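Here the protein sequences come in this chain order: A and B.
For the first sequence, our numbering gives the first residue as 28, with consecutive numbering after it.
For the second sequence, our numbering gives the first residue as 464, with consecutive numbering after it.
The structure under discussion appears below in the form of structure tokens.
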Amino acid sequence: MFRFHPSKLCVTAALITLAAQCRAYEVSIVVNRVDAKTRQALQRLEAAVSSGHHVEVFEMAAIPFGNPKEEGRRMAQIAAADLIVPVGGEASRFVVETLAQNKIFFVGATIVNGGSLESKRIGGLFAYSPEGWARAAKTISGEPSNLGLIYTPGFRPLAERLSLNSQNLGLKVFRQELRRKNEIVPAAMKILAQSSVFWVAGDTLLSGQLAFGYLASQALEMGIPVMAADRSLLSGGAFVVSDSDLPELADEAAPILSAFLSNGINYGEDRFFYPSKMRLKVNHKLASKMKIELPKGTSPVWIP
Amino acid sequence: MKRSLWPTAAALAFWSAAGSAPAGATVVFTGYADQRMTAYGMNKITGSAAVLSAVGVTETETKSTGFTLDALGFFASREINDHLDFLIDTTYRKVGYTTEEIRIQYAYLNYEAPAGWEVKSGKIPMPLGYFNENMFYPFERQAVAAPIFQGSILGLPIADWGVSVGKNVPIGGAQLSAVAYGVNGYGASNTAGTIFRPGLGSSGALLLGQNLKSTNTNDHLAGGGRLELAAFENQQVQIGGSWYRGAWAKDTSNQFAMYNSYVRWHPGPLDVLVEYLITRTDADLGVINFYGVGDWKSEGWFLESSYRLVQNSDGREMHVFAGAENTHAQGVGGGSGVEMLSNWKLGLSYRLNENLVFKGQLNRLEYSLPIQISGAADNVGLESNGALVGAVLTF
Numbered sequence: 028m029f030r031f032h033p034s035k036l037c038v039t040a041a042l043i044t045l046a047a048q049c050r051a052y053e054v055s056i057v058v059n060r061v062d063a064k065t066r067q068a069l070q071r072l073e074a075a076v077s078s079g080h081h082v083e084v085f086e087m088a089a090i091p092f093g094n095p096k097e098e099g100r101r102m103a104q105i106a107a108a109d110l111i112v113p114v115g116g117e118a119s120r121f122v123v124e125t126l127a128q129n130k131i132f133f134v135g136a137t138i139v140n141g142g143s144l145e146s147k148r149i150g151g152l153f154a155y156s157p158e159g160w161a162r163a164a165k166t167i168s169g170e171p172s173n174l175g176l177i178y179t180p181g182f183r184p185l186a187e188r189l190s191l192n193s194q195n196l197g198l199k200v201f202r203q204e205l206r207r208k209n210e211i212v213p214a215a216m217k218i219l220a221q222s223s224v225f226w227v228a229g230d231t232l233l234s235g236q237l238a239f240g241y242l243a244s245q246a247l248e249m250g251i252p253v254m255a256a257d258r259s260l261l262s263g264g265a266f267v268v269s270d271s272d273l274p275e276l277a278d279e280a281a282p283i284l285s286a287f288l289s290n291g292i293n294y295g296e297d298r299f300f301y302p303s304k305m306r307l308k309v310n311h312k313l314a315s316k317m318k319i320e321l322p323k324g325t326s327p328v329w330i331p
Numbered sequence: 464m465k466r467s468l469w470p471t472a473a474a475l476a477f478w479s480a481a482g483s484a485p486a487g488a489t490v491v492f493t494g495y496a497d498q499r500m501t502a503y504g505m506n507k508i509t510g511s512a513a514v515l516s517a518v519g520v521t522e523t524e525t526k527s528t529g530f531t532l533d534a535l536g537f538f539a540s541r542e543i544n545d546h547l548d549f550l551i552d553t554t555y556r557k558v559g560y561t562t563e564e565i566r567i568q569y570a571y572l573n574y575e576a577p578a579g580w581e582v583k584s585g586k587i588p589m590p591l592g593y594f595n596e597n598m599f600y601p602f603e604r605q606a607v608a609a610p611i612f613q614g615s616i617l618g619l620p621i622a623d624w625g626v627s628v629g630k631n632v633p634i635g636g637a638q639l640s641a642v643a644y645g646v647n648g649y650g651a652s653n654t655a656g657t658i659f660r661p662g663l664g665s666s667g668a669l670l671l672g673q674n675l676k677s678t679n680t681n682d683h684l685a686g687g688g689r690l691e692l693a694a695f696e697n698q699q700v701q702i703g704g705s706w707y708r709g710a711w712a713k714d715t716s717n718q719f720a721m722y723n724s725y726v727r728w729h730p731g732p733l734d735v736l737v738e739y740l741i742t743r744t745d746a747d748l749g750v751i752n753f754y755g756v757g758d759w760k761s762e763g764w765f766l767e768s769s770y771r772l773v774q775n776s777d778g779r780e781m782h783v784f785a786g787a788e789n790t791h792a793q794g795v796g797g798g799s800g801v802e803m804l805s806n807w808k809l810g811l812s813y814r815l816n817e818n819l820v821f822k823g824q825l826n827r828l829e830y831s832l833p834i835q836i837s838g839a840a841d842n843v844g845l846e847s848n849g850a851l852v853g854a855v856l857t858f
């Protein structure tokens, strides 16, 4: 008869854990398009990831969208991996949206589906940091220094850290968390009425064309500059947007990703990481229209 | 002596964890919907009083307008490992209060072996011609509807249970593809096993698609193959020949065969496909009333062409397309009467984005079916003019 002894169980469990950590993982790296910057970023990530693991790189531009027969096959190849690493804003948005049931570590996410971020299988390095946003808000806000935030539950960790950093810099923070589209208008009315600078989380719910267009137009009418997640929102009325350098982000992500793989691709308490340096792009025309004085060295890139 | 099992259990646990399949392996679902509207449809039946009486037709001209969901399809794809995946297409058709048809259009294991070999096993799309595997779906072609003889009478997509083995061989700048397959094959359309092509008044009259069944009719497998040469930059020209042959009845001397050749030319915005098809059927009692004999053959061609008028960087595109086909069928070694099918189409397709395409098509069909009356063939004809509008959504 097989009898279970606690000590033997512990050893067995330890062996299983060790096996999981020793095993070679299949990693799918997804990029939007391989260009010079992406190539640099890929080199840095592959160097960190490929030792002991099998890496395959997929280009979104090569996926035949519009042909679901072939698109499904290509997506199945990406999804077959133990870990998917989308690199860059577009790839992160696409992978988090469509493959949320997989384990994902994004590098350089800007706008993503906030609902998917609530999953414990998804994490990674954002293209922006709460510390950087806080410093930018302090510079832009003027008097009174009131920062308004709207965000969704998936962005709560980022919003909380941004609030804390902003308060440490002397800003007063007004926050509104929302879950549904129909909450955007009342949330915007409430927060904008109290703000001198406005931060919109990079959730597809808030940073989509229609929603962001509404938020930005309301803010601009009230003379409030808007801080937004992605450079695509600059033309939509954002005052300042995240504009990070992909190779730099890959440099920061590489050791985190390597440790994550060594740890059996298990997320702990903290799933989200932020770069130590954040780059922003400013709409200088809007700045002069709104008579907002920015420090020297904010063009073409501002590092707050 | 008691043997401790825990080292074995521990070892098993170690190796199972170390060697287990990727935790992230996922089934990916994609799909499409092909919605159509007959903006204008006019069908006119022609023929002598005797032949109209023989086929039981009273009303000779009908008009139609309406919406239909021609197909709602779901693809499931699962990569099992780097070389092996499993692919399924489930399609719903004739969707009304209930769905009258649910088809598994294909369901197969696809193995990509080293050195360019590819093996498929399951319900595989038959490598016959080019259109069947590459342009059957509405999101793969510009036209609203497929060529009528292949699409409706033969029944696209032609897929059957079996195995295919293929290889791609690069030859300089060109590529030679060869594939051979063994499948259950077309069977009889009636339980007695004597009718291949159902006659008028039977279920699935004139059509052959339902002859591909879930089991083999006899103790012989059907088989065939395809050879294709794709040449010039980006495979602008593809030339191929394919064939199928198999016994359709319990009497294995009664064969059904298909021989196909095709050319596809795709320089830049122009896309032209021409396919030529011959079929040959032995001892089919279903066609006695058409051709007077049971051995019959069909011979025909179709042309599908399109030209891209507009292509924007945001994914919007507009194409003009045109198509034509002609097929005739008759008895072999006697009999009388010739079945003729001619169809023309012209239209525009507009791709709004990667997921939505709108199409508009004008078509004219002329069809003539011989009916044996007192030992001679008298033809009943169908003329059809139509304007179709389609919207294809992929997701």
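For each residue, glycine too, the CB sits at the ideal point set by N, CA and C.
As the structure is a prediction and not an experimental result, all values here were calculated from the model.
Residue ranges of each alpha helix (DSSP H) run of no fewer than 4 residues wholly in the segment 68-146 of chain A, ordered along the chain?
95-106, 116-125 and 141-144
Between the Cα of T562 of chain B and those of B:A655, B:N544, B:A578 and B:A534, spot the shortest distance and give me the residue it belongs to.
On the second sequence, position 99 is the one that residue 562 of chain B refers to. Taking only the C-alpha atoms, the option nearest T562 of chain B is B:A534.
Got a sec: does the ligand ADP put a non-hydrogen atom nearer than 8 Å to the Cβ of Y560 of chain B?
The ligand ADP is not among the ligands present in this structure, which contains no ligands whatsoever.
Partner residues on chain A for Y495 of chain B, Cβ-Cβ distance less than 7 Å
As a first step, residue 495 of chain B is located in the second sequence; it is residue number 32 there, counting from the start. The answer, in chain order, is P95.
At a Cβ threshold of 9 Å, is Y574 of chain B touching chain A?
Within the second sequence, the letter at position 111 stands for residue 574 of chain B. Judged by the 9 Å Cβ criterion, Y574 of chain B is not in contact with chain A.
Same chain, Cβ closer than 7 Å to T325 of chain A, five either side skipped, listed in chain order
Along the first sequence, one-based indexing puts residue 325 of chain A at 298. Within the same chain, T325 of chain A has close Cβ partners V309.
Applying a beta-carbon distance threshold of less than 8 Å, which residues of chain A neighbour V843 of chain B?
Within the second sequence, residue 843 of chain B is the residue found at index 380, counting from 1. In chain order: nothing, as chain A lies at least about 39 Å away.
Contact set between A103 of chain A and chain B, taken where Cβ atoms lie within less than 8 Å:
Taking the first sequence and counting its residues from 1, the one referred to as residue 103 of chain A is at position 76. Per Cβ cutoff of 8 Å: T489, V490, V491, S540, R541, E542 and D548.
Mapping the DSSP letters down to three states, classify F599 of chain B as helix, strand or coil.
Position 136 of the second sequence, counted from the start, is the residue given in the question as residue 599 of chain B. In the structure shown, F599 of chain B sits in coil (DSSP, three-state: anything other than H, G, I, E or B).
How many whole angstroms separate the CB atoms of T65 of chain A and V114 of chain A, which I take to be in contact at a CB cut-off of 8 Å?
Your numbering for residue 65 of chain A matches position 38 in the first sequence. Your numbering for residue 114 of chain A matches position 87 in the first sequence. T65 of chain A to V114 of chain A, Cβ: 7 Å. Contact.
Where the segment 577-603 of chain B meets chain A: residues whose CB sits under 9 Å from a CB there:
Y600, F602 and E603
Cβ-Cβ separation, G141 of chain A to F182 of chain A (assumed contact under 8 Å), whole Å
As a first step, residue 182 of chain A must be located in the first sequence, where it is residue number 155. As a first step, residue 141 of chain A must be located in the first sequence, where it is residue number 114. That belief holds up - the Cβ atoms of F182 of chain A and G141 of chain A are roughly 5 Å apart, short of 8 Å.
Distance check for D109 of chain A and A484 of chain B, CA to CA, integer angstroms please.
Counting from one through the second sequence, the residue named residue 484 of chain B turns up at place 21. Counting from one through the first sequence, the residue named residue 109 of chain A turns up at place 82. Residue placement at A484 of chain B cannot be trusted, given a pLDDT of 46 that sits under 50; the coordinates are not used to answer.
Does DSSP put H311 of chain A in a helix, in a strand, or in coil?
Along the first sequence, read from residue 1 onward, the residue named residue 311 of chain A stands at position 284. Helix, per DSSP.
Nonlocal neighbours in the same chain, by C-beta distance under 6 Å from E158 of chain A, ignoring five residues either side:
Within the first sequence, residue 158 of chain A is the residue found at index 131, counting from 1. Taken in chain order, the residues that qualify are N192.
With 9 Å as the limit, tell me which residues of the segment 678-708 of chain B have their beta carbon closer than that to any beta carbon of chain A; keep them in chain order.
none
For chain B, is any of its Cβ atoms less than 9 Å away from the one on E98 of chain A?
One-based indexing of the first sequence puts residue 98 of chain A at position 71. Closer than 9 Å: yes.
In chain order, what residues of the same chain lie with their CB nearer than 6 Å to the CB of P661 of chain B, ignoring the 5 residues before and after it?
Stepping through the second sequence from its first residue, residue 661 of chain B is reached at position 198. Contacts found: S652, G667, A668 and G749.
Does any residue of chain A have a CB that is nearer than 9 Å to the CB of G757 of chain B?
On the second sequence, position 294 is the one that residue 757 of chain B refers to. Not one chain A Cβ lies under 9 Å of G757 of chain B.
Kindly list, in the order they appear in chain A, the residues whose Cβ is closer than 7 Å to that of F821 of chain B.
Locating residue 821 of chain B in the second sequence gives position 358, where the first residue counts as 1. Correct list: empty, because the minimum Cβ distance to chain A is about 13 Å.
For Y760 of chain B, which three-state DSSP category applies?
In the second sequence, counting from the first residue as 1, residue 760 of chain B sits at position 297. Position check: residue 760 of chain B holds Lys in this sequence, whereas Tyr was assumed. Strand, per DSSP.
Would you identify the three-state DSSP class for F549 of chain B, choosing helix, strand or coil?
Position 86 of the second sequence, counted from the start, is the residue given in the question as residue 549 of chain B. Three-state result, F549 of chain B: strand.
If you reduce the DSSP assignment to three classes, tell me which class L205 of chain A lands in.
By one-based count along the first sequence, residue 205 of chain A stands at place 178. Residue state, collapsed to three classes: coil.
Just to confirm before moving on: does the CB-CB distance between L819 of chain B and F784 of chain B stay below 9 Å?
Start at 1 with the first residue of the second sequence, and residue 819 of chain B comes out as number 356. Start at 1 with the first residue of the second sequence, and residue 784 of chain B comes out as number 321. Not closer than 9 Å, so no.
Have a look at Y294 of chain A and E53 of chain A and give me their C-alpha separation to the nearest angstrom.
Position 267 of the first sequence, counting from 1, holds the residue named residue 294 of chain A. Position 26 of the first sequence, counting from 1, holds the residue named residue 53 of chain A. Looking at the two C-alpha atoms, the distance is approximately 17 Å.
If I follow the unbroken alpha helix (DSSP H) through F239 of chain A, where does it start and stop?
As a working note, residue 239 of chain A is residue 212 in the first sequence. Segment Q236 to E248, the alpha helix (DSSP H) holding F239 of chain A.
Note down, in chain order, each residue of its chain lying with its Cβ closer than 6 Å to the Cβ of K557 of chain B, except the 5 sequence neighbours on either side.
Start at 1 with the first residue of the second sequence, and residue 557 of chain B comes out as number 94. Result list for K557 of chain B: E563 and E564, in chain order.
Closer than 8 Å by beta-carbon distance: list the chain A residues that pair up with F858 of chain B, in chain order.
Reading the second sequence from its first residue, position 395 is the one you call residue 858 of chain B. Simply P95.
Among the candidates B:G618, B:L809, B:E829 and B:L832, whose CA atom is the shortest distance from the CA of G822 of chain B?
Locating residue 822 of chain B in the second sequence gives position 359, where the first residue counts as 1. Per the sequence shown, residue 822 of chain B should be read as Lys rather than Gly. If we check each option's Cα against that of K822 of chain B, B:L809 comes out closest.
Give a yes or no on whether the minimum CB-CB distance between L261 of chain A and chain B is below 9 Å.
Position 234 of the first sequence, counting from 1, holds the residue named residue 261 of chain A. With 9 Å as the cut-off, L261 of chain A does not count as an interface residue toward chain B.
Report yes if the CB atom of A710 of chain B is closer than 9 Å to the CB atom of T680 of chain B, and no otherwise.
Locating residue 710 of chain B in the second sequence gives position 247, counting from the first residue. Locating residue 680 of chain B in the second sequence gives position 217, counting from the first residue. In contact: A710 of chain B and T680 of chain B (Cβ atoms closer than 9 Å).
I'd like to know if N140 of chain A contacts chain B, where contact means its C-beta is closer than 9 Å to some C-beta of that chain.
By 1-based counting over the first sequence, the position of residue 140 of chain A is 113. False, the Cβ-Cβ gap to chain B never drops below 9 Å.
With H, G and I counted as helix, E and B as strand and the rest as coil, what does DSSP make of Q426 of chain B?
Residue numbering for chain B in the displayed model covers 464 to 858; residue 426 of chain B lies beyond these limits and cannot be assessed.
Helix, strand or coil for S55 of chain A? Go by DSSP, reduced to three states.
Counting from 1 along the first sequence, the entry for residue 55 of chain A is found at position 28. S55 of chain A: strand per DSSP, three-state reduction.
Cβ neighbour criterion (16 or more within 10 Å) applied to Q774 of chain B
Here residue 774 of chain B refers to the residue found at position 311 of the second sequence. Q774 of chain B is exposed by the Cβ-count criterion.
Express the C-alpha separation of D747 of chain B and D714 of chain B in angstroms, rounding to a whole number.
Translated into positions along the second sequence, residue 714 of chain B becomes position 251. Translated into positions along the second sequence, residue 747 of chain B becomes position 284. Going from the Cα of D714 of chain B to the Cα of D747 of chain B covers about 12 Å.
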